[in-house]
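Residue numbers (the working numbering), protein chains in the order written: chain A, 1 to 285; chain B, 286 to 574.
From the three backbone atoms N, C-alpha and C, an ideal C-beta is built for every residue, glycine too.
What follows is a single structure, written as structure tokens, with notes after it.
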């Protein structure tokens, strides 16, 4: 192939004897367009029909700003908590052998499998002032449910597997030689872990963090029950979209959705950049 | 504790931690998971059976709940096969051929994962709602999409769109095109090649993708909530029914229906783990979701 590169014609598809390219790609593109691209284009078209002044008025509305702040703030804290505990859980799962390890490993995926509404009512039952955990804190005047703390807890639940499942395969690949070399050179265990191992894991941790953060910003089902949904305090941006829709304020819903979409695309770009950087530097995602 | 951990070597390996450190780390990780994962799961079942098994059963066979269960099964029965066919077709095109724009296509397929479920529902409201271009036309011909079953199916298809495809693409890319080329050179038709060569190679990965797709299809809340209109007995799926019961302070019934969904999640996890252990499915994609 390489010797022929100089003479290679520009073509859309490399020749192959395998049939079905036109059929499968054609069907995939048609289905992708119908289900995803055309509806999304509709949203963008709708947003572009708003005038700049209208858009600005919606986005600088105090309630919108407060909702965006709650969504991004809680998602950021939850993703940070997950980055720390997710890596710790990865370490325990990858390095140690203990009874129940297999079970715990399987259960880490629970937030992917458990419907968000179920997680939502269950977490609010736990953390409500009369709930199993909420009741311990209530006497000290600490409220968890119906405050941003409750939202953060729901987002920790939702985001954990993103960090664990992103970091775990990379951690499994770590070459023990590196640790032995560090130990030979006089590093203690703490130094080996924090100065040798963690920097190599940084891209995976960052990717997991970004995935958990992106998911947290858009999360709805698990949050609405525990959030209390008090405007300006514990109202998340996706809920505000729902409220605007119920008021038939389509322009308002569209504007908030567009800004959230723009931010999630930026996040997607950041994740891809981290992975490209990681591939170039460490040879893995 | 296993022997490996308790055996006290004379000199600890320099690439190992002390037993105490290990126990502390396992303890921290375990407590974190207990609080954030296990406890919420246990609460669902405890609350569901709080008033006894008779009341539990009543909550499930009550007509609105039964209608919600039926609707959830119907929606999954339509959405999962659609995304299954798409997943296989997209993976075939992407894994077996080299063409321009492939990376971009993969990004587009992953798109629904990075979009808030509420926005996934909103796009259909904007497309088919009364204020949209299509809305008046649909109304004239009496076609109901929004606040009806077709809208719920569409929103579910949207959010579960990537599951099968993203499981199959890395798997089929790893497997390459050698087997198919051999089959074709021996005179098999394209369809025979797929049916007798490719399909057996990908069946466990396919099952894995379908499993995850189904769990999400049955459990989706945000997107479906936006397009459903919440009409009891008609457009209420199980997760929406849970919400209605919960907001009516009918906790026992809400948790009874929720416990069915939680059981579904547990079965999904069990089958998923079994597939991972037995057939190494799901590992080709780096176990990412």
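Under DSSP, the alpha helix (DSSP H) around residue i begins and ends at which residues?
| i | result |
| --- | --- |
| residue 301(B) | Premise fails: residue 301(B) is in no alpha helix (DSSP H) and is neither H nor E. |
| residue 292(A) | As shown, chain A starts at 1 and ends at 285. That puts residue 292(A) outside it, with no answer to give. |
| residue 447(B) | 447-460 |
| residue 477(B) | 475-478 |
| residue 105(A) | 101-107 |
| residue 545(B) | 536-564 |
| residue 97(A) | Per DSSP, residue 97(A) belongs to no alpha helix (DSSP H) and is neither H nor E. |
| residue 228(A) | Segment: none, residue 228(A) is in no alpha helix (DSSP H) and carries neither H nor E. |
| residue 116(A) | 116-127 |
| residue 397(B) | Note, residue 397(B): premise wrong, no alpha helix (DSSP H); not H, not E. |
| residue 527(B) | 523-532 |
| residue 233(A) | Looking at the DSSP string, residue 233(A) is not in any alpha helix (DSSP H), and its letter there is neither H nor E. |
| residue 132(A) | Careful: residue 132(A) lies outside any alpha helix (DSSP H) and carries neither H nor E. |
| residue 24(A) | 21-32 |
Closest Cβ-Cβ distance between residue i and chain A: below 9 Å?
| i | result |
| --- | --- |
| residue 383(B) | yes |
| residue 429(B) | no |
| residue 407(B) | yes |
| residue 457(B) | no |
| residue 478(B) | yes |
| residue 569(B) | Residue placement at residue 569(B) is flagged as unreliable, the pLDDT there being 45, under the threshold of 50; the coordinate-derived value follows with that caveat. No - not a single Cβ of chain A is within 9 Å of the one on residue 569(B). |
| residue 416(B) | yes |
| residue 541(B) | no |
| residue 520(B) | no |
| residue 392(B) | yes |
| residue 492(B) | no |
| residue 341(B) | no |
| residue 310(B) | yes |
| residue 301(B) | yes |
| residue 377(B) | yes |
| residue 421(B) | no |
| residue 400(B) | yes |
| residue 498(B) | no |
Could you pull the DSSP bridge partners for residue i from this structure?
| i | result |
| --- | --- |
| residue 384(B) | 13(A) |
I'd like to know whether the C-beta of residue i is nearer than 9 Å to at least one C-beta of chain B.
| i | result |
| --- | --- |
| residue 286(A) | The question about residue 286(A) has no answer here: the residues shown for chain A are numbered 1 through 285. |
| residue 3(A) | Because residue 3(A) carries a pLDDT of 47, less than 50, the predicted location of this residue cannot be relied on, and no value is offered for it. |
| residue 14(A) | yes |
| residue 180(A) | yes |
| residue 142(A) | no |
| residue 32(A) | yes |
| residue 282(A) | no |
| residue 50(A) | no |
| residue 212(A) | no |
| residue 238(A) | yes |
| residue 148(A) | no |
| residue 132(A) | yes |
| residue 228(A) | no |
| residue 94(A) | no |
Hey, is residue i's beta-carbon within less than 9 Å of any beta-carbon in chain D?
| i | result |
| --- | --- |
| residue 116(A) | The structure shown contains no chain D; the protein chains it does contain are A and B. |
Would you decide whether residue i is buried or exposed? Buried here means 16 or more other CB atoms lie within 10 Å of its CB.
| i | result |
| --- | --- |
| residue 273(A) | exposed |
| residue 389(B) | exposed |
| residue 474(B) | exposed |
| residue 215(A) | buried |
| residue 168(A) | buried |
| residue 451(B) | buried |
| residue 358(B) | exposed |
| residue 85(A) | buried |
| residue 188(A) | exposed |
| residue 309(B) | exposed |
| residue 268(A) | buried |
| residue 292(A) | Nothing can be reported for residue 292(A): it is not among the residues displayed for chain A, which extend from 1 to 285. |
| residue 454(B) | buried |
| residue 562(B) | exposed |
| residue 346(B) | exposed |
| residue 424(B) | exposed |
| residue 534(B) | exposed |
Closer than 8 Å to a non-hydrogen atom of the ligand FMN - does that hold for the CB of residue i?
| i | result |
| --- | --- |
| residue 186(A) | You won't find the ligand FMN in this model; it holds no ligand whatsoever. |
(Q) Under 8 Å, CB to CB, which of the residues in the stretch 255-276 of chain A have a partner in chain B? (A) 257, 260, 261, 264, 265, 267, 268 and 272
Q.
Residues of the stretch 17-30 of chain A in Cβ contact with chain B at a cutoff of 7 Å, in chain order, please.
A. 17, 18, 19, 20, 21, 24, 25, 27 and 28
Q) Listed from N- to C-terminal order along the chain, which residues in the stretch 62-91 of chain A have their beta-carbon within a distance smaller than 7 Å of any beta-carbon of chain B? A) 85, 88, 89 and 91
Q. What are the residues of the stretch 322-333 of chain B that lie near chain A, defined by any Cβ-Cβ distance shorter than 8 Å?
A. 322, 323, 324, 325, 326, 328, 329 and 332
Q: May I ask you to list, following chain order, the residues of the stretch 192-211 of chain A that have a beta carbon less than 7 Å from some beta carbon of chain B?
A: none
Q) Given a limit of 7 Å on CB to CB distance, which residues of the stretch 353-376 of chain B reach chain A? A) 371, 374 and 375
(Q) To be precise: take each residue of the stretch 505-535 of chain B, compare its Cβ to all Cβ atoms of chain A, and keep it if any distance is under 7 Å. Which residues remain? (A) 506, 507, 511, 524, 527, 528 and 531
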